[in-house]
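Counting with our numbering, you get residues 3 to 317 for the letters of the sequence shown. Backbone N, C-alpha and C define an ideal beta-carbon position, used for all residues, glycine too. The structure displayed is predicted, hence computed values, not measured ones.
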Amino acid sequence: MASKVPASFRTAYDELAGELEVGKKYLVSRLQAELDDLNPVVIQVRVKDAGSIYAKLQKGESNELLDLDDLIAARAVFLHPQQVTLAMEACQKTFPILEERNTAVGKPDDFRYQQPHLIVGFPRDYVERKPALGKVKVEIQFTTYIQHALQESTHDVIYKGARFSWREHRLDSRLRGLLEIVDEVLANLQDLAQVDEDPPYPVFDSRNLIIAAATDLWDTEDLPVDLRRFAITVEGLLKLSGFEVSDWLAVAREHRDLIHAYSLTPVDKVIGVILRDRHEKFIQSLKKRRVLVSSELEELVPQALKIPQQNRVSY
C-alpha cells in the first residue's frame, strides 16, 4: 500500500515524476548497451515513489528534493564478482561520477550490506536534450546473482520491517559471509577443483577418452559446444556397437571422407563409422533405442538405410 503524502508534496512530485520515468527508460537502454558484453543476469531500474521520497526528506538531511541521490536507482546483477568490477569501470567511463560508495576494501570481519554503488548524473549529451534531468542523481548498484537473491529475500523483512530485530540482522550478516565464500568458489570453480588430481572414476574416465578422441580428429570449431553431452551420446552409441574408444578411433581414421564430411555433425560421423564397420551388430542392438538419421548420412553411408523406421527419430 502506498504511503500517504501531503497534497502539496504530491503536486511537486508529480511535476518531476514524468521526467524521471523518461530518465528511467534512457537508463535501462544505456546500461543494457554498455554492459551487454558482460552478460548481466538482470538490470533493474526504478523511480523512487512519492512516499519513500517524502519519508527520506523528513530525516532532514537534504536541502531539497533534487539533493536525494536515488530518485532513480538501478541495480546491475552479474554471475561473478569480477564482472561487477568490470561493470563499474564501464559505468565510470559513461556517466559523470558524483560519488563512489563501498568501493574500498572493507574490514575483514564486516559482512554488512555494502554492495558497491555509484552516484552519477546523466551524460552531458543527454542532459542537453533533457535539461529537466540535469540535476537528477542516479544510484547504480552492482552485485552478484547470489547476493541479489539474498537482498531480494531479506530487504523488506530486515530493512523495512515493523520492528528492529538483532537476530534478523545477525542472520543477514552471517548469510552474507557465507554467500561471499560461495561467490568466490563459483568464480574460481575450475581452479579450485584442480588442486588435486581427479581420482579414478571409470564413467568419467571413459567419457574423457571420447572427448580426447574427438579433439584429436576434429578442429575446435568443428566440435559441439557441449562436449560433455556429446561424450554421453557417443558413449551410448559405442556401447551398442561393442566398440572401445581406442578401437573406434583406429577405424575412424580409415574413413577420412566421412570424418571430414562437411554435411555431417560429429555425432553423425560417429554413427557413420559404426555403420560402415559393423552395421548388423549396431542395428540388432538398437531394440527400442532410436537414432537420428539424416538424408546426408544415408547418402554417405548406405548402411544407414537399413535402420528400421521404428528405430529412427523423425523430423
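Check: Let me know the secondary structure DSSP gives His257 once reduced to three states.; Outcome: coil
Check: How about Ile309 and Ile276: are their beta carbons less than 8 Å apart?; Outcome: no
Check: In chain order, what are the residue ranges of uninterrupted alpha helix (DSSP H) at least 4 long that sit wholly in the segment 252-311?; Outcome: 258-261, 268-288 and 297-302
Check: How many whole angstroms separate the CB atoms of Gly25 and Phe144, which I take to be in contact at a CB cut-off of 8 Å?; Outcome: Not a contact, Cβ separation roughly 19 Å.
Check: Could you check if Thr146 is buried or exposed, using at least 16 other CB atoms within 10 Å of its CB as the buried criterion?; Outcome: buried
Check: Measuring only the C-alpha atoms, how far is Ala306 from Gln84?; Outcome: 50 Å
Check: In angstroms with no decimal places, state the Cα-to-Cα distance between Ile55 and Asp16.; Outcome: 12 Å
Check: Is the Cβ-Cβ distance between Leu37 and Ala78 less than 8 Å?; Outcome: yes
Check: Measuring CB to CB, does Val295 end up less than 8 Å from Val269?; Outcome: no
Check: Under a Cβ-count criterion, where at least 16 other Cβ atoms within 10 Å of its own Cβ denotes burial, should Ala254 be classed as buried or exposed?; Outcome: buried
Check: From Val30 to Val49, what does the alpha carbon distance come to, in whole angstroms?; Outcome: 12 Å
Check: Count the C-beta pairs between the segment 243-263 and the segment 217-228 that are closer than 8 Å, then say yes if the count reaches three, no if not.; Outcome: yes
Check: Could you say which of Lys289, His262 and Leu188 lies nearest to Leu242 if we only look at CA atoms?; Outcome: Lys289
Check: Near His82, what residues of its chain come up, given a Cβ to Cβ distance below 8 Å and the 5 sequence neighbours on each side ignored?; Outcome: Thr146, Asp185, Leu188 and Ala189
Check: Just checking Leu229 against the ligand FAD - is the residue's beta carbon closer than 7 Å to any of the ligand's heavy atoms?; Outcome: Absence of the ligand FAD from the depicted structure is noted, as is the absence of any ligand whatsoever, leaving it without description.
Check: Hey, which unbroken runs of the alpha helix (DSSP H) at 4 residues or more fall wholly within the segment 87-151?; Outcome: 126-131
Check: Just curious, the beta strand (DSSP E) that Arg165 is in, first and last residue?; Outcome: From DSSP, Arg165 is part of no beta strand (DSSP E); its letter is neither H nor E.
Check: I'd like to check one pair, Cys93 with Leu120: are the Cβ atoms closer than 8 Å?; Outcome: yes
Check: Around the C-beta of Lys271, are 16 or more other C-beta atoms found within 10 angstroms, so that it is buried, or is it exposed?; Outcome: buried
Check: Just how far apart, CA to CA, sit Ala214 and Glu101?; Outcome: 52 Å
Check: With DSSP as the reference, label Phe11 as helix, strand or coil.; Outcome: helix
Check: Tell me where the alpha helix (DSSP H) around Arg77 begins and ends.; Outcome: Counting along the chain, Arg77 falls outside any alpha helix (DSSP H), though it belongs to the beta strand (DSSP E) covering Ile74 to Phe80.
Check: Determine the DSSP secondary structure at Met3, reduced to helix, strand or coil.; Outcome: Its pLDDT being 48, under 50, Met3 is placed unreliably by the model, and the measurement read from it follows with that caveat. Looking at Met3 - three-state DSSP - the assignment turns out to be coil, as it is neither helix nor strand.
Check: Quick one: is Gly274 buried, meaning 16 or more other Cβ sit within 10 Å of its Cβ, or exposed?; Outcome: buried
Check: Below 8 Å CB to CB, which residues in the same chain sit around Leu211 once its five sequence neighbours on both sides are set aside?; Outcome: Val247 and Ser248
Check: As a quick exercise: from Lys283, Val129, Glu301 and Ala233, pick the residue whose alpha carbon is nearest that of Ala263.; Outcome: Glu301
Check: Count the other CB atoms, across all protein chains shown, that sit within 10 Å of the CB of Pro202; report buried if there are 16 or more and exposed otherwise.; Outcome: exposed
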